[in-house]
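**Student:** Just dropping this structure here.
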Amino acid sequence: MIINHPLLGPRDAQEFVYLGDASLIDRPDASGETALDDFHDYLYLRDNPAGSHKELWFHEQGDRSWLVVTRDTRTHEITHVELAFEYAKRRGRDK
Amino acid sequence: MRYSALRILLEGIRGHTGWKPVWRDPAPQPDYDYIIVGGGGHGLATAHYLAKIYKKARIAVLEKGWIGGGNVGRNTTIIRSNYLLDGNEPLYEFALKLWEGLEQDLNYNAMVSQRGILNLCHSDAQRDAFRRRGNAMILNGADAELLDQHQVREMAPFLDFENARFPIKGGLLQRRGGTVRHDAVAWGYARSAYSHGVDIIQNCEVTGFKIEKGLVKGVETSRGYIGAKKVGVAVAGSSSRVMAMAGLHLPIESHVLQAFVSEGLKPLIPGVITFGAGHFYISQSDKGGLVFGGDIDGYNSYAQRGNLPVVEDVLEGGMALMPMIGRARLLRMWGGLMDMSMDGSPFIDKTPIEGLYFNGGWCYGGFKATPASGYAFAHLLATDAPHETATELRLDRFRAGAMIDEKGAGAQPNLH
Ligand SMILES: Cc1cc2nc3c(=O)[nH]c(=O)nc-3n(C[C@H](O)[C@H](O)[C@H](O)COP(=O)(O)OP(=O)(O)OC[C@H]3O[C@@H](n4cnc5c(N)ncnc54)[C@H](O)[C@@H]3O)c2cc1C
Numbered sequence: 669m670i671i672n673h674p675l676l677g678p679r680d681a682q683e684f685v686y687l688g689d690a691s692l693i694d695r696p697d698a699s700g701e702t703a704l705d706d707f708h709d710y711l712y713l714r715d716n717p718a719g720s721h722k723e724l725w726f727h728e729q730g731d732r733s734w735l736v737v738t739r740d741t742r743t744h745e746i747t748h749v750e751l752a753f754e755y756a757k758r759r760g761r762d763k
Numbered sequence: 352m353r354y355s356a357l358r359i360l361l362e363g364i365r366g367h368t369g370w371k372p373v374w375r376d377p378a379p380q381p382d383y384d385y386i387i388v389g390g391g392g393h394g395l396a397t398a399h400y401l402a403k404i405y406k407k408a409r410i411a412v413l414e415k416g417w418i419g420g421g422n423v424g425r426n427t428t429i430i431r432s433n434y435l436l437d438g439n440e441p442l443y444e445f446a447l448k449l450w451e452g453l454e455q456d457l458n459y460n461a462m463v464s465q466r467g468i469l470n471l472c473h474s475d476a477q478r479d480a481f482r483r484r485g486n487a488m489i490l491n492g493a494d495a496e497l498l499d500q501h502q503v504r505e506m507a508p509f510l511d512f513e514n515a516r517f518p519i520k521g522g523l524l525q526r527r528g529g530t531v532r533h534d535a536v537a538w539g540y541a542r543s544a545y546s547h548g549v550d551i552i553q554n555c556e557v558t559g560f561k562i563e564k565g566l567v568k569g570v571e572t573s574r575g576y577i578g579a580k581k582v583g584v585a586v587a588g589s590s591s592r593v594m595a596m597a598g599l600h601l602p603i604e605s606h607v608l609q610a611f612v613s614e615g616l617k618p619l620i621p622g623v624i625t626f627g628a629g630h631f632y633i634s635q636s637d638k639g640g641l642v643f644g645g646d647i648d649g650y651n652s653y654a655q656r657g658n659l660p661v662v663e664d665v666l667e668g669g670m671a672l673m674p675m676i677g678r679a680r681l682l683r684m685w686g687g688l689m690d691m692s693m694d695g696s697p698f699i700d701k702t703p704i705e706g707l708y709f710n711g712g713w714c715y716g717g718f719k720a721t722p723a724s725g726y727a728f729a730h731l732l733a734t735d736a737p738h739e740t741a742t743e744l745r746l747d748r749f750r751a752g753a754m755i756d757e758k759g760a761g762a763q764p765n766l767h
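Residue numbers (our numbering), protein chains in the order written: chain A, 669 to 763; chain B, 352 to 767.
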């Protein structure tokens, strides 16, 4: 698998470490009323779709940036790659 | 038809004209008391024990393809009960005891071969961990022996003992572990379930559940609607997809695991051997092929094939452990879908929907559990209470903080 790094261009997936569903960026509010349930779902439950999946990859043997990769879990085809901090910013995170 | 040596002799004389199909291919009835979704090892074993031990009737197994076409026919056939934690070990040991009597129970040759499984250790710390694991196994009624380097040398002189990076210091041996012919497990359970009145319905994909006021009424399938009082789901790598149709969100990710087989060789590898420094395990099939595997590919996947980095990693592990296999030619490699759970341990539990039960999260280790998983799931379906060996395999264990994390790796499915 080749991941098209937004800064470095096409890189072998072997240089990366996989973390999982990009929903891990959407950390729940720890002071909210429903924090216990929210954190349970955030930590332990996964959509696990057969199809398009947004997921976090860490370029450990490269520039050590976190990427959000959109990949089809049925074919391993990658349709989009972006820096995780840009993705997070769009979702209202400050960093 | 009962199978026996006499039967083979008679059929030999009659030119093998008397053998009959071992299960019927029925059309689905409008409704059943029990529907099992998934005709893999676990689903078929559940149907067998539900009918034979729990004396239930009006049972159907619904399989979207053909029985045995899933992981039960793709795995590397290893059975063992060398787990550490109390939530797991009793179930796996129960499974091993059932394997020991399986062929008599099913009247079917599943080629259960207790040739032993040897886990190698390469450091003092690892030996300590194995001593602890072995003691936990013995406390749960399993067998375990700690071997020193000399004893390992006697068993497997061909290993690379003097490897500079990972010298072999000893190993944990479970003599009762071994291998079983995986396809025969599916066929043997199917034949027995059928002979106890179970309908085995192939090419019947479940496409939805009918749920009214929190109560399951039946399933939608590619062959029409089928009513049911109770529905048990055992679909391995498809768990998330199938349970999502009932509105449930699971602590599971699907991953692909690869396996490999070499050309046939003369008897070479005495039992099952696992490398303790990388992920590599190997045994030799009765046909002579070296059967081996290693890690999952490591990212969510529904493709029943893997990628090359893991192939390289597995083969490097093999070469580090037993350099002699470098000259064997690889015959085939393939992949299967694993339902990797958040703590690496399975689930056999009720769901919040009345009458809907779930069996899954078996990761890459569900084959060895097949008899006990089926038994415990049948117990749950029949009695609405967990079997004594499966009380901790609950869907809500993360909320309760009662994870069963053998590796201590945390909520990270690709690390288990
Ligand atoms: C390469 C590999 C090596 C392995 N090695 C080992 C090993 O050495 N030891 C060990 O203990 N375990 C091993 N495993 C794991 C083991 O094979 C699985 O955990 C176990 O087989 C899963 O249970 P099963 O047999 O019921 O699954 P399966 O045989 O996969 O059965 C599930 C069935 O559900 C069906 N299904 C899915 N969706 C639907 C639907 N909507 N409607 C109807 N039916 C549906 C599927 O078609 C499938 O037949 C290995 C797995 C793989 C892939």
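Cβ atoms here follow ideal geometry from the backbone N, Cα and C, with glycine treated the same way.
Keep in mind the model is a prediction, meaning the values are calculated, not measured.
(1) Out of B:I633, B:S605, B:R592, which one is the CA nearest neighbour of I647 (chain B)?
(2) Based on Cα-Cα distance, which residue from A:Y710, A:V736, A:Y712 lies nearest to I671 (chain A)?
(3) Applying the 10 Å Cβ sphere with the 16-neighbour rule, what's the burial state of N554 (chain B)?
(4) So which of B:G717, B:E505, B:A487, B:A408 has the shortest CA-CA distance to I519 (chain B)?
(5) Taking the straight line between their C-alpha atoms, what separation do you get for H744 (chain A) and A610 (chain B)?
(6) Using a threshold of 9 Å, state whether the C-beta atoms of P764 (chain B) and M670 (chain B) are closer than that.
(7) Given a threshold of 16 other Cβ atoms within 10 Å of its Cβ, counted over all protein chains shown, does K406 (chain B) qualify as buried or as exposed?
(8) Taking only heavy atoms of ligand 1 into account, decide whether any of them is closer than 8 Å to the Cβ of Q609 (chain B).
(9) I'd like to know if N716 (chain A) contacts chain B, where contact means its C-beta is closer than 9 Å to some C-beta of that chain.
(10) Where does the unbroken alpha helix (DSSP H) through K394 (chain B) begin, and where does it stop?
(11) What are the residues that DSSP puts in a beta bridge with M691 (chain B)?
(12) With distance defined between alpha-carbon atoms, name the residue in B:G559, B:L682, B:V503 nearest to V623 (chain B).
(13) Let me know if M352 (chain B) comes out buried or exposed under the rule of 16 or more other beta-carbons within 10 Å of its beta-carbon.
(14) According to DSSP, is C714 (chain B) part of a helix, a strand, or is it coil?
(15) Keeping to the same chain, check which residues put their C-beta closer than 7 Å to that of A679 (chain B); ignore five residues upstream and five downstream.
(16) Between B:V567, B:M754, B:R683, B:A411, which lies nearest to Y769 (chain B) when the distance is taken from Cα to Cα?
(17) Identify the continuous beta strand (DSSP E) that holds V388 (chain B) and give its terminal residues.
(18) Just grab the DSSP bridge partners of F560 (chain B) for me.
(19) Can you tell me the Cβ-Cβ gap for L395 (chain B) and Y576 (chain B), rounded? I've got them flagged as a contact below 8 Å.
(20) Consider the Cβ of L735 (chain A): report whether some Cβ of chain B lies at a distance smaller than 9 Å.
(21) To which residues does DSSP link K638 (chain B) through a beta bridge?
(22) Of all the residues that make up the stretch 731-760 of chain A, which are near chain B by a beta-carbon distance shorter than 7 Å?
(23) Please name the residues in the stretch 578-612 of chain B whose beta-carbon is closer than 9 Å to at least one beta-carbon of chain A, in chain order.
(24) Relative to the alpha-carbon of P618 (chain B), which residue among B:T625, B:Y632, B:K638 has its alpha-carbon at the smallest distance?
(25) Can you tell me whether E444 (chain B) is buried or exposed? The criterion is at least 16 other CB atoms within 10 Å of its CB, across all chains shown.
(26) To the nearest angstrom, how far is it from the Cα of G528 (chain B) to the Cα of T368 (chain B)?
(27) Listing by chain order, which chain B residues have their CB less than 8 Å from the CB of E683 (chain A)?
(28) So F749 (chain B) contacts chain A; which residues on that side make the cut at Cβ distance below 7 Å?
(29) Is N651 (chain B) a contact residue of ligand 1, with contact defined as CB to any heavy atom under 8 Å?
(30) Quick check on DSSP: helix, strand or coil for E739 (chain B)?
(31) Please state the DSSP three-state secondary structure of K492 (chain B).
(32) Against chain A, does S652 (chain B) count as a neighbour if the rule is that its beta carbon must be under 9 Å from one of theirs?
(33) Closest by CA to F626 (chain B), which one among B:R748, B:G668, B:A402, B:M689?
(34) Taking only three categories from DSSP, how would you classify F346 (chain B)?
(35) For P377 (chain B), does the count of other Cβ atoms within 10 angstroms reach 16, so buried, or fall short, so exposed?
(36) Since E728 (chain A) meets chain B, which of its residues come closer than 9 Å, beta carbon to beta carbon?
**Tutor:** This is what the structure holds:
(1) Sorting B:I633, B:S605, B:R592 by C-alpha distance to the C-alpha of I647 (chain B) places B:S605 at the top.
(2) Nearest C-alpha to I671 (chain A) among A:Y710, A:V736, A:Y712: A:V736.
(3) Exposed, by the Cβ-count rule.
(4) Closest by alpha carbon: B:E505.
(5) Each residue's Cα considered, the two are about 19 Å apart.
(6) Annotated as distal: P764 (chain B) and M670 (chain B), with beta-carbon spacing of 9 Å or more.
(7) Its Cβ having fewer than 16 others within 10 Å, K406 (chain B) is exposed.
(8) At least one heavy atom of ligand 1 falls within 8 Å of the beta-carbon of Q609 (chain B).
(9) Answer yes: the Cβ-Cβ gap between N716 (chain A) and chain B drops below 9 Å somewhere.
(10) As written in the sequence, residue 394 (chain B) is Gly, which differs from the Lys given in the question. Residues 392-403.
(11) Paired residues: B:E604.
(12) Cα-wise, what sits closest to V623 (chain B) is B:V503.
(13) Residue environment analysis places M352 (chain B) among the exposed positions, since fewer than 16 neighbouring C-beta atoms fall within 10 angstroms of its C-beta.
(14) Note: C714 (chain B) maps to helix in three-state DSSP.
(15) S613, E614, L616, L641.
(16) Beyond the ends of chain B as shown, which are 352 and 767, falls residue 769 (chain B); an answer cannot be given.
(17) In the DSSP assignment, V388 (chain B) falls within the beta strand (DSSP E) that extends over 382-388.
(18) Looking at the DSSP assignment, F560 (chain B) forms a beta bridge with B:V570.
(19) Y576 (chain B) and L395 (chain B) do not touch by the CB rule: their CB atoms are close to 23 Å apart, not below 8 Å.
(20) False, the Cβ-Cβ gap to chain B never drops below 9 Å.
(21) None, per the DSSP bridge assignment.
(22) Answer in chain order: T741, R742, T743, H744.
(23) Listed in sequence order: S589, S590, S591, R592, A595, H600, L601, P602, I603, E604, S605.
(24) Here the closest residue by C-alpha is B:K638.
(25) Counting Cβ neighbours within 10 Å, E444 (chain B) comes out buried, since at least 16 surround it.
(26) Looking at the two C-alpha atoms, the distance is approximately 38 Å.
(27) In chain order: nothing, as chain B lies at least about 10 Å away.
(28) Going along chain A in sequence order, the residues near F749 (chain B) (Cβ under 7 Å) are H708, Y712.
(29) Distances from the CB of N651 (chain B) to the heavy atoms of ligand 1 are all 8 Å or more.
(30) In this structure, DSSP gives E739 (chain B) a state outside helix and strand, which the three-state scheme calls coil.
(31) A small correction: the amino acid at residue 492 (chain B) is Gly; Lys does not occupy that position in the sequence shown. Coil at G492 (chain B), not helix or strand.
(32) So yes, S652 (chain B) belongs to the interface.
(33) Each of B:R748, B:G668, B:A402, B:M689 was checked against the Cα of F626 (chain B), and the nearest Cα belongs to B:G668.
(34) There is no way to answer for residue 346 (chain B), as the model of chain B reaches only from 352 to 767.
(35) Exposed, because fewer than 16 other Cβ atoms sit within 10 Å of the Cβ of P377 (chain B).
(36) None at all; the shortest Cβ gap to chain B is about 13 Å.
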